[in-house]
Amino acid sequence: MNEQTLIQLVAGKSKRSKHQKNKLNESDAELIDINGELWALTLDQFSPQEDLFTSNNPEILGSNLATATLSDLYAAGAKPEFFLQGLTLPKNVDSIFVRKFSKGFQKTLSNANCFLCGGDIGTEEDWRYSGFAMGRVRGNRPLMRIFSRRSHSIWVTGQLGDANLAALEKKMTPKFELRHNEAKLIHENASACMDTSGGLIDAIWWFHKLNPFLRFEIDLNNIPWAKGVIEASKYINVPPEAFLLGGAGEYELIFAIPEPISKNALKAMTSIQVTKIGTAMPDNKPGVYFFNHKKNIILMKDNLPCPRKCENNEIYINKVIKLAKKIFGEK
Numbered sequence: 295m296n297e298q299t300l301i302q303l304v305a306g307k308s309k310r311s312k313h314q315k316n317k318l319n320e321s322d323a324e325l326i327d328i329n330g331e332l333w334a335l336t337l338d339q340f341s342p343q344e345d346l347f348t349s350n351n352p353e354i355l356g357s358n359l360a361t362a363t364l365s366d367l368y369a370a371g372a373k374p375e376f377f378l379q380g381l382t383l384p385k386n387v388d389s390i391f392v393r394k395f396s397k398g399f400q401k402t403l404s405n406a407n408c409f410l411c412g413g414d415i416g417t418e419e420d421w422r423y424s425g426f427a428m429g430r431v432r433g434n435r436p437l438m439r440i441f442s443r444r445s446h447s448i449w450v451t452g453q454l455g456d457a458n459l460a461a462l463e464k465k466m467t468p469k470f471e472l473r474h475n476e477a478k479l480i481h482e483n484a485s486a487c488m489d490t491s492g493g494l495i496d497a498i499w500w501f502h503k504l505n506p507f508l509r510f511e512i513d514l515n516n517i518p519w520a521k522g523v524i525e526a527s528k529y530i531n532v533p534p535e536a537f538l539l540g541g542a543g544e545y546e547l548i549f550a551i552p553e554p555i556s557k558n559a560l561k562a563m564t565s566i567q568v569t570k571i572g573t574a575m576p577d578n579k580p581g582v583y584f585f586n587h588k589k590n591i592i593l594m595k596d597n598l599p600c601p602r603k604c605e606n607n608e609i610y611i612n613k614v615i616k617l618a619k620k621i622f623g624e625k
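In the working numbering, the protein residues as written are 295 to 625.
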């Protein structure tokens, strides 16, 4: 079963409190009214088998796990404040690994001005991690995945594709960027946001499913490719967009700004590392459309492959590449 089906089966019929202010899947974090203040809460679980995070550099692993957990709060318009973790370490782990892991983790929490409150720890054959974070929503105005019925420009932080490239080549997971400073300006100007934990196109597909009245147009010429992605796509003869379709995301932020964009909003966007990659607008032909280098219009009709439904990672990768070639053409 895919993730959406599992979520519906586990939580879809659970009774919700009057203090819960979002519906299922409407926000990257749960939005809870606590004594008139809106808090965002998130819980994420990670494993090397499912998330493909490498552990040969424990400092980067610790940093990435913290960043990946906190990205949900940033996407929801919240400031991280408190953190809990459930950490399972390999049975044969040594003190050097633990010290380096803790160094990367603590540095990221410090940069986010977020405080560890405790958790649980254990050992097993391989590492496993659960991160819980919470923080107050800025100005009690959350960012959700729901758009208003007007035109928007679509933006994304950072560079894309390197996490999927590393997973494909079985190389070290790149260090994820903590978007602490960017998140404040995004919240001030955006009307919707989520992270790219499942890859860029997965995030766009989520926007489409939750806003079926909108036509999303993504300009592939404006994608901020990470170093090495284009070269690798040529070498292995796959469309570079395959590295946006795969489920190994970069935990960047993709967000929408209402059009026409104000001078102040445009000035704010030019002051941080973000790229405008497309638009969204009400249309009688809604869906997800891509413009390629020839300015051809490509309509995406297929759901993305789900790694949970594949017997192994090789089968999943082949399905991603097959879909990329179907949508974007042979290279």
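In this text, a Cβ means the ideal position worked out from N, Cα and C, and glycines have one as well.
Legend entry - Spatially closest choice to C600 from L325, L539, P384, by CA coordinates: L539
Inset, instruction - For my contact list, T490 and Q567 are in at a C-beta cut-off of 8 Å; report their separation, rounded to the angstrom. - result: T490 to Q567, Cβ: 14 Å. No contact.
Inset, instruction - Using the Cα positions of I328 and N586, report the straight-line distance between them to the nearest angstrom. - result: 47 Å
Inset, instruction - Give the range of the beta strand (DSSP E) segment to which K570 is assigned. - result: 568-576
Legend entry - Rounded straight-line distance, which links the Cα of I591 to that of A334: 38 Å
Inset, instruction - Using the Cα positions of Q379 and K373, report the straight-line distance between them to the nearest angstrom. - result: 18 Å
Inset, instruction - Quick one: grab the DSSP three-state call for E476. - result: helix
Inset, instruction - Report yes or no: is there a C-beta of chain D within less than 8 Å of the C-beta of N612? - result: In summary, chain D is missing from the structure at hand, where a single protein chain is found.
Inset, instruction - Identify, in the order they occur along the chain, each residue of the same chain with its Cβ nearer than 6 Å to the Cβ of R422, setting aside the five sequence neighbours on each side. - result: S341, T382
Inset, instruction - For my contact list, L364 and A406 are in at a C-beta cut-off of 8 Å; report their separation, rounded to the angstrom. - result: 6 Å
Inset, instruction - Please report how far the alpha carbon of E419 lies from the alpha carbon of L462, in whole angstroms. - result: 24 Å
Inset, instruction - Can you give me the Cβ contacts of R430 inside the same chain, cut-off strictly under 8 Å, excluding the 5 residues immediately before and after it? - result: E331, L332, W333, A334, A372, K373, E375
Legend entry - Through-space distance from N597 to C604, alpha-carbon basis: Looking at the two C-alpha atoms, the distance is approximately 14 Å.
Inset, instruction - With P352 as the anchor, note down where its alpha helix (DSSP H) starts and where it stops. - result: 352-369
Legend entry - Strand pairing of W519, partner residues [DSSP]: Answer is L454, bridged to W519.
Legend entry - DSSP-derived helix/strand/coil call for H313: coil
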